[in-house]
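Protein chains in written order, with my numbering: chain R, 1 to 155; chain V, 1 to 155; chain E, 1 to 80; chain A, 1 to 80. Glycine included, every Cβ here is placed at the ideal spot set by N, Cα and C. Treat the numbers as computed from the prediction; the structure is a model and nothing was measured.
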Amino acid sequence: MARLSLSAPLDVRLLDKGLSVGEALAAFNAAHGEAGGIVSFLGKVRPDGDVKALELSHYEKLTLAGMKDLAQAAYDRFNLVGALAWHRIGMMRPGEPIVLVATAARHRRNAFEAADYLMDHLKSAAWFWKRERRSDGWHWIEPRDRDRIDLERWK
Amino acid sequence: MARLSLSAPLDVRLLDKGLSVGEALAAFNAAHGEAGGIVSFLGKVRPDGDVKALELSHYEKLTLAGMKDLAQAAYDRFNLVGALAWHRIGMMRPGEPIVLVATAARHRRNAFEAADYLMDHLKSAAWFWKRERRSDGWHWIEPRDRDRIDLERWK
Amino acid sequence: MGVRILFLGPLRDLAGEQEREVPGPLDWAGLLEAVGPAIAEQLNEERVNVACDGKVMADKTVLAARDGDEVALLPPVSGG
Amino acid sequence: MGVRILFLGPLRDLAGEQEREVPGPLDWAGLLEAVGPAIAEQLNEERVNVACDGKVMADKTVLAARDGDEVALLPPVSGG
């Protein structure tokens, strides 16, 4: 398959359409040959009962810049050799990817913690707003208490 | 690309040659459309100074069966919808994959913990023996204290 | 060219519009008045942030937007 | 057809061979004698396991292998 070109060490993107997970991870893996461990997380729209669609909106002037700062913070804190953080915006259907992060480090513990850290922050400290369409219309999704607790772990 | 066929919910393999990470993860992702979160870990031979090659040996009668039990234990303990655990045996060069695990769950915390759990056990509680060839010959790798500490976390 | 007020996420539904232009300069009191009581109530909550000219304000009550600035009203986020 | 003793990982180097066949039956004392002093010393360490017929023994000292059995000597592992 055609090899995707990633920017190294940090590749951060806002995507307005689908993403090819296998291709992205193959490219990330190839870009970080020197890493002993690579962790990835893929978040998808859960086909929960009644959910027909999900929409993610963002704020042009803050969202991508904030994601870049976040990736840099993870890079520094966990001694990474590389990180990828891609986030969808716009309309998605159940089963579609919303977010993909990948982290590369010499040792696996750092790669695991960095991916966890990135996800906790993308969930509840990045400039995204999410709403779901159910049979009775659109509903905005409030951050859950659990998400705030997860975030506290890194403070 | 041709789609790899995985067994669900658990796909456990011993591989005597290279593995295509992107293809495996694309197939795992496709096999678990209902999962909200998918975590993967890829471990590679680190190109550390003097290491020319790495050899992993196993014991036919125990290794694969033990990996299957481990995947089942992770599946039950973390409420997974699927897991993949592939481990190389034989001779590898720096940069080559040694191990790939992937976990799919409704919630991301479970997927993260299950991947971490699988790796800690594959590192120091599965029937593999590892040796490295350096310029002065072959050296067997002893488990590190850190690996034992990691394993204790799950007890 | 005045001050553009942007309503993000659920505030967009509450405002019934995505953005509104008001004459500058605009301070905190002026903002609360310009957006109406429902949004003003939200703005008074700590968890709602305000960005002026692409920067999130540490203290939103010292807002001092001038003509040409963009003031974004940022409710609690939910990503990933 | 006797009892096959398999040397795994670093024990293979210590034994200078991958496997050896000895006449059955084979108990713990017989095993220690069959493998020689260097390997016997390793076997006496708690972290070295023994599998008989594909099953890891909870107490290796009760070994009772018969002709046709495979006895595997398993030093500490290091995977991934």
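Beta-carbon neighbours of residue i, restricted to chain R and to distances below 7 Å
i      : result
R46(V) : G36, R106
Residue-chain proximity (residue i, chain R), Cβ-Cβ < 8 Å
i       : result
D116(V) : yes
L54(V)  : no
G90(V)  : no
G33(V)  : yes
L26(E)  : no
D69(E)  : no
CB contact below 8 Å: residue i versus chain V
i       : result
E213(R) : Lying before the first or after the last residue shown, residue 213(R) is absent from chain R, which here runs from 1 to 155.
L8(A)   : yes
Partners in chain R for residue i, counting only beta-carbon separations shorter than 8 Å
i      : result
A51(E) : Y59, K61, L62
A72(E) : Y59, K61, L62
Cross-chain neighbours of residue i in chain E, by beta carbon under 8 Å
i      : result
S40(R) : None at all; the shortest Cβ gap to chain E is about 14 Å.
Contacts that residue i makes with chain V (C-beta to C-beta distance below 9 Å)
i      : result
N29(R) : V21, G22, L42, K44, P97
L25(R) : V21, G22, L25, A26, S40, L42
is_contact[residue i, chain E] using C-beta, thresh 8 Å
i      : result
L10(R) : no
Contact set for residue i: own chain, Cβ-Cβ below 7 Å, skip 5 residues either direction
i       : result
M119(V) : F41, V101
A51(A)  : M57, A72, L74
Y75(R)  : P9, L10, A83
D16(V)  : I89, G90
D53(A)  : D69, E70
A38(A)  : L14
E96(V)  : G18, K44, V45
H58(R)  : L14, I89, W127, F128
Segment limits, alpha helix (DSSP H) that includes residue i
i       : result
L80(V)  : It is not in any alpha helix (DSSP H) - L80(V) instead sits in the beta strand (DSSP E) that spans 80-88.
E55(R)  : Unbroken run through E55(R) is the beta strand (DSSP E), 53-58; no alpha helix (DSSP H).
H121(V) : 108-124
R20(A)  : Unbroken run through R20(A) is the beta strand (DSSP E), 19-22; no alpha helix (DSSP H).
G18(R)  : That residue, G18(R), is in no alpha helix (DSSP H); it is neither H nor E in DSSP.
K68(V)  : 63-77
G80(E)  : Careful: G80(E) lies outside any alpha helix (DSSP H) and carries neither H nor E.
V35(E)  : 28-43
P10(A)  : 10-15
D147(R) : 145-152
Cβ neighbours of residue i in the same chain (closer than 6 Å, five flanking residues each side left out)
i       : result
N110(V) : F78, N79
G68(A)  : M1
K123(R) : D147
R106(R) : G36
G43(V)  : I98, V99
Contacts around residue i, its chain only, beta-carbon distance under 8 Å, and the 5 residues preceding and following it disregarded
i      : result
E19(A) : R4, I5, L6, F7
M1(V)  : At M1(V), the pLDDT of 47 sits below 50, so the modelled position is not reliable and the matter cannot be decided from this model.
Extent of the continuous beta strand (DSSP E) run through residue i
i       : result
A165(R) : Because chain R in this structure spans residues 1 to 155, residue 165(R) falls outside the shown range and cannot be described.
W129(R) : 128-134
P72(A)  : Looking at the sequence itself, residue 72(A) is Ala, so the reference to Pro does not match. First-last of the beta strand (DSSP E) with A72(A): 70-74.
A51(E)  : 49-52
I5(A)   : 3-7
G137(V) : 137-140
V158(R) : The displayed coordinates of chain R run from 1 to 155. Any statement about residue 158(R) would go beyond what the structure contains.
L42(V)  : 37-44
Listed by chain order, chain E residues near residue i by CB distance under 9 Å
i       : result
K123(R) : V77, S78, G79, G80
Listed by chain order, chain V residues near residue i by CB distance under 7 Å
i      : result
G54(A) : K61, L62
C-beta neighbour in chain B for residue i, strict 8 Å
i      : result
I98(V) : Reference to chain B is not applicable here, since the protein chains of this structure are R, V, E and A.
Next item on the list: Closer than 7 Å, Cβ to Cβ, to anything on chain E: give me those residues from the region 62-87 of chain R, in chain order.
Entry: L62, H87
Next item on the list: Please name the residues in the region 126-140 of chain R whose beta-carbon is closer than 7 Å to at least one beta-carbon of chain E, in chain order.
Entry: A126, W127, F128, W129, K130, W140
Note to self: Counting only Cβ-Cβ distances shorter than 8 Å, please list the residues of the region 29-49 of chain E near chain R, keeping chain order.
What the structure shows: none
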